[in-house]
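Throughout the sequence shown, residue numbering follows the numbering used here, covering 22 to 338 in sequence.
Remarks on the structure that follows.
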Amino acid sequence: MRHLPSLSGLRSFEATARHASMTKAAEELGVTQGAISRAVQALEADLGCPLLRRSRPKLFLTEIGHLLYSEINHSFDRVAVVIGRVREQQRGGQLAINSLPTFAARYLIPRLPRFQARHPEMQVDLTTSENRIDFAVESIDVAIRYGLGNWSQTASMRLMDEELVAVCAPELLARHGGELGPGTIDPRQLLRHTTRMAAWDEWLKAVGADASVEPRGPGFEHFFMVIEAAVSGMGFALLPRFLIARELADGSLVIASRQELRRQQAYYLLFATERRFDPKIVALIRWLKDEVALDQGAARPSAPVSLPALRLRAPHR
């Protein structure tokens with residue numbers, strides 16, 4: 022059984038230390054200054070050591086007071102976060118998703134109406150970034166990232182692999198005179214994704230191109246930029262098939278080579294390990310699994326989410 026001081030004493034001490042004033046602590050907690058003073062004195066008596074040095078008109082923390090304040094302040098912050106999440110869950114609340122930009126625009130947004138129809142009680146907030154997410158600090162429920170699934174201090178669920186195909190505008194393929202191959206590659210026509218430079222290298226090696234061939238076409242930061250450049254006829258692009266399904270269907274892009282590339286990296290849904298049973302996150306996982314199954318032509322109701330479907334990473338110690 023834990024032996025802990027009274028919560029009233031801890032709250033009174035934390036507020037006093039934060040404001041360096043019992044008067045301001047009393048105003049915040051809605052009690053008298055005398056009540057704050059008595060609560061702090063009772064806490065000091067319980068611990069058997071002074072926490073404050075009183076030198077009118079100021080208060081100073083003792084060494085032990087500094088240590089206790091730091092831990093209590095952090096703990097209260099964490100409790101506030103958890104309480105906020107519990108309240109959100111009880112009223113449906115918001116679901117904050119942070120995704121890679123092109124994945125959000127090309128995959129998530131066109132499908133979100135189906136999620137809203139399934140879960141009208143949830144309000145989805147979608148932001149985009151390629152940065153690492155710290156779930157302990159940022160107001161994000163889940164993130165979608167590309168990698169090997171080895172993020173620390175997170176749980177991850179593999180959403181889909183990345184199958185890259187070489188594509189171009191039909192007019193460019195006609196001018197090129199046939200399929201893009203080892204002897205017909207003009208490096209100046211290879212559009213570069215500036216954060217995925219290794220992909221072209223892997224594809225060129227797979228197709229049997231000379232090792233000296235190096236992409237020298239225009240570079241773009243995001244896939245949606247590369248897609249637009251390819252549609253405009255600017256060059257050949259190496260793109261994930263699922264991101265260009267619309268262009269392949271309407272003919273604005275065509276397959277330029279039978280050589281495909283499947284990389285080790287994949288798209289993952291990430292979230293804080295301690296929230297793997299959060300109803301909002303479980304609902305999103307089930308919906309995403311159904312969407313991926315539909316895209317793969319294997320639509321079926323998803324089974325209840327279980328831990329073996331998730332990859333859990335413990336904090337580094």
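Every residue, glycine too, gets a C-beta built ideally from N, C-alpha and C.
Residues sharing a beta bridge with residue i, DSSP
i, result
"GLY168", "ALA287"
"SER76", "LYS79"
CB-CB length for residue i against residue j, believed under 8 Å
i, j, result
"PRO122", "PHE245", "7 Å"
"VAL145", "ILE165", "That pair is no contact at about 13 Å."
"LEU89", "LEU72", "6 Å"
"LEU260", "ARG127", "Not quite, the Cβ-Cβ distance comes to about 10 Å (not below 8 Å), so this is no contact."
"PRO239", "ALA230", "With a Cβ gap of about 20 Å, PRO239 and ALA230 do not count as contacting."
Distance CB(residue i)-CB(residue j) smaller than 9 Å
i, j, result
"ALA46", "SER33", "yes"
"LEU212", "MET255", "yes"
"ALA190", "SER278", "no"
"ALA287", "LEU180", "yes"
"TRP221", "PRO236", "yes"
"ALA176", "LEU291", "yes"
"SER27", "ALA60", "yes"
"VAL228", "PRO208", "no"
"ARG296", "PHE156", "yes"
"LEU201", "PHE241", "no"
"THR83", "ILE57", "no"
Neighbourhood of residue i by C-beta distance below 8 Å, restricted to the same chain and skipping five residues each side
i, result
"ALA320", "With a pLDDT of 35 at ALA320, under the threshold of 50, the modelled position of that residue is not reliable, and the figure given next carries that caveat. Contacts found: ASP311, ALA314."
"PRO336", "Residue confidence for PRO336 is low, a pLDDT of 40 falling below 50, so the modelled location carries little weight; the figure read from the coordinates is stated next. The residues are SER173, GLN174."
For residue i, three-class secondary structure by DSSP
i, result
"GLY55", "helix"
"SER253", "coil"
"MET181", "strand"
"THR37", "helix"
"ALA157", "coil"
"HIS95", "helix"
"SER120", "strand"
"GLU281", "strand"
"THR149", "strand"
"HIS214", "strand"
"PHE292", "strand"
"GLN174", "coil"
"PRO261", "strand"
"ALA187", "strand"
"GLY240", "strand"
"GLN317", "coil"
"VAL102", "helix"
"VAL61", "helix"
Cβ shell of residue i (< 7 Å), same chain only, five flanking positions each side left out
i, result
"GLU339", "Residue coverage of the chain in this structure runs from 22 to 338, which leaves residue 339 outside it and unanswerable."
"ILE161", "ALA117, ASN119, ILE154"
"GLY318", "none"
Close beta carbons around residue i, own chain, < 6 Å, minus the five adjacent residues each side
i, result
"ALA270", "none"
"GLU268", "LEU274"
"ALA304", "HIS140"
"LEU328", "Any reading at LEU328 needs caution, since the residue's pLDDT is 35, under 50, leaving its predicted position unreliable; the model's value is listed next. For LEU328, where only same-chain residues beyond five positions count, there are no Cβ hits under 6 Å."
"ARG284", "GLU183"
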